[in-house]
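In order, the protein sequences belong to chains Z and A.
At position 40 of the first sequence (counting the first as 1) the number is 40 in my numbering, and the numbers step up by one without a gap.
At position 102 of the second sequence (counting the first as 1) the number is 218 in my numbering, and the numbers step up by one without a gap.
Where is the CB? At the ideal position from N, CA and C, for every residue including glycine.
A quick write-up on the structure given underneath.
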Amino acid sequence: NAGVMQNPRHLVRRRGQEARLRCSPMKGHSHVYWYRQLPEEGLKFMVYLQKENIIDESGMPKERFSAEFPKEGPSILRIQQVVRGDSAAYFCASSPPPQGITGELFFGEGSRLTVL
Amino acid sequence: AQKITQTQPGMFVQEKEAVTLDCTYDTSDQSYGLFWYKQPSSGEMIFLIYQGSYDEQNATEGRYSLNFQKARKSANLVISASQLGDSAMYFCAMRESFNFGNEKLTFGTGTRLTIIP
Numbered sequence: 001n002a003g004v005m006q007n008p009r010h011l012v013r014r015r016g017q018e019a020r021l022r023c024s025p026m027k028g029h030s031h032v033y034w035y036r037q038l039p040e041e042g043l044k045f046m047v048y049l050q051k052e053n054i055i056d057e058s059g060m061p062k063e064r065f066s067a068e069f070p071k072e073g074p075s076i077l078r079i080q081q082v083v084r085g086d087s088a089a090y091f092c093a094s095s096p097p098p099q100g101i102t103g104e105l106f107f108g109e110g111s112r113l114t115v116l
Numbered sequence: 117a118q119k120i121t122q123t124q125p126g127m128f129v130q131e132k133e134a135v136t137l138d139c140t141y142d143t144s145d146q147s148y149g150l151f152w153y154k155q156p157s158s159g160e161m162i163f164l165i166y167q168g169s170y171d172e173q174n175a176t177e178g179r180y181s182l183n184f185q186k187a188r189k190s191a192n193l194v195i196s197a198s199q200l201g202d203s204a205m206y207f208c209a210m211r212e213s214f215n216f217g218n219e220k221l222t223f224g225t226g227t228r229l230t231i232i233p
């Protein structure tokens, strides 16, 4: 399966713990995007990364959230000291280097975080 | 202000009928792209169709077509001959400014479509 791979699919944390969500983009894709979907809402952009660079983090909460996309390995979305309001589905999407206009994003199946 | 507005929280449609899902958008950009995604109960996001702001013809992909009315800033999704498997959440999304390489999308709140046998 050459699609966008996210893990874990489901994660349960207690308040105050840390959550780490991983995303491996499609083969050949160097751009990764993280989105958050609260229950019964649409997806909200969080951050856009290329290898070793954060390009756009305008949707990231100022505190407790961080993201990285190292030279080797998956992209990581890290949430420190989780609170109940962080319970959501977190989607990763990837796109290839710019080569056309359509620019379709390829989404993973999401990681569902539940904070108790 | 809402950039993407989907005014139908839920719709029920008889199998085999056509259905139109509404989407209006707000942007001051001249170059933008409009997308529709399907999210079944399993949760994944499935790309359906794309319309560029400069495309003169409405986009079509199989049973999906996009009714693009630029002056009215609407980009409605039309599904012909609906099937039970079409039951899902449908999201309209927009990418503003062909900021080459940045595929950041703004999503609407979605429409839950239920197909009745």
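Within 8 Å of any Cβ in chain Z, is that where the Cβ of L150/A sits?
Taking Cβ atoms only, chain Z never reaches closer than 8 Å to L150/A, which makes this a no.
Of the residues T176/A, F151/A and Y180/A, the one placed nearest Y221/A, counting alpha carbons only:
The identity of residue 221/A in the sequence shown is Leu, whereas the question assumes Tyr. When the alpha-carbon of L221/A is set against those of T176/A, F151/A and Y180/A, the nearest one is in F151/A.
Whose C-beta lies closer than 7 Å to the C-beta of P96/Z among residues of the same chain, with five residues either side of it excluded?
These residues qualify, in order along the chain: G28 and H29.
Could you check whether the Cβ of S95/Z sits closer than 8 Å to any Cβ belonging to chain A?
Interface with chain A (8 Å Cβ-Cβ cutoff): S95/Z is included.
Touching by the beta-carbon criterion (3+ pairs, under 8 Å), the segment 189-202 of chain A and the segment 13-26 of chain Z:
Segments in contact, no.
DSSP three-state call for A134/A: helix, strand or coil?
DSSP places A134/A outside both helix and strand once states are collapsed to three, so it counts as coil.
Taking buried to mean at least 16 other C-beta atoms within 10 Å of its own C-beta, is K132/A buried or exposed?
Under this definition K132/A is an exposed residue.
If you check the beta carbons only, do L49/Z and F69/Z fall under 8 Å apart?
Yes, these two residues count as a Cβ contact at 8 Å.
For Y141/A, the nearest candidate out of A191/A, R179/A, A175/A and P125/A (CA to CA):
Here the closest residue by C-alpha is A191/A.
Would DSSP call G149/A helix, strand or coil?
Residue state, collapsed to three classes: strand.
Between the C-alpha atoms of E40/Z and M127/A, what's the straight-line distance to the nearest angstrom?
Between the alpha carbons of E40/Z and M127/A lies a gap of roughly 15 Å.
Rank S111/Z, C92/Z and G110/Z by C-alpha distance to the C-alpha of M46/Z and give the top, closest one.
The shortest Cα separation from M46/Z among S111/Z, C92/Z and G110/Z belongs to C92/Z.
Spell out whether any CB of chain A is found under 8 Å from the CB atom of F107/Z.
Chain A contact via Cβ: present.
Any beta carbon of chain Z sitting closer than 8 Å to that of N192/A?
With 8 Å as the cut-off, N192/A does not count as an interface residue toward chain Z.
Buried or exposed: which applies to N1/Z, given that a residue is buried once 16 or more other Cβ atoms fall within 10 Å of its Cβ?
Legend: pLDDT at N1/Z = 49, less than 50; position of this residue unreliable, value from coordinates given subsequently. Residue environment: N1/Z is assigned as exposed (fewer than 16 neighbouring CB atoms within 10 Å of its CB, all protein chains considered).
Can you find a CB in chain Z that lies within less than 8 Å of the CB of Y166/A?
It does; some Cβ of chain Z falls within 8 Å.
Quick check: is the beta carbon of A88/Z nearer than 8 Å to any beta carbon in chain A?
Chain A has no Cβ within less than 8 Å of the Cβ of A88/Z.
Within chain A, the residues that E104/Z reaches when beta carbons sit closer than 9 Å
By Cβ distance, chain A contributes F151, F163, Y166 and E219.
Let's see if you can read the secondary structure: which residues bound the beta strand (DSSP E) around V47/Z?
Element bounds for V47/Z: L43 to Q50.
Please classify I162/A as buried or exposed, where buried requires at least 16 other C-beta atoms within 10 Å of its C-beta.
The residue is exposed, with fewer than 16 neighbouring Cβ atoms inside 10 Å.
Beta-carbon within less than 8 Å of Q37/Z's beta-carbon, same chain only, minus the 5 sequence neighbours each way: which residues are those?
Listed in chain order, the non-local C-beta contacts of Q37/Z below 8 Å within the same chain comprise L43, K44, A88, A89, Y90, F91 and G110, local neighbours out to five positions each way being set aside.
Please identify, using Cβ separations under 9 Å, the residues of the segment 43-69 of chain Z that lie next to chain A, in order along the chain.
Answer set for the segment 43-69 of chain Z: L43, K44, F45, Y48, Q50, I55, D56, S58 and G59.
Output needed for I195/A: all residues of its chain with C-beta closer than 7 Å, excluding positions within five of it in sequence on either side, in chain order.
Same-chain partners within the cutoff: A134, V135, R179, Y180 and D202.
Do F184/A and I120/A come within 8 Å of each other at the CB atom, strictly closer than that value?
F184/A sits away from I120/A, with the two beta carbons spaced by 8 Å or more.
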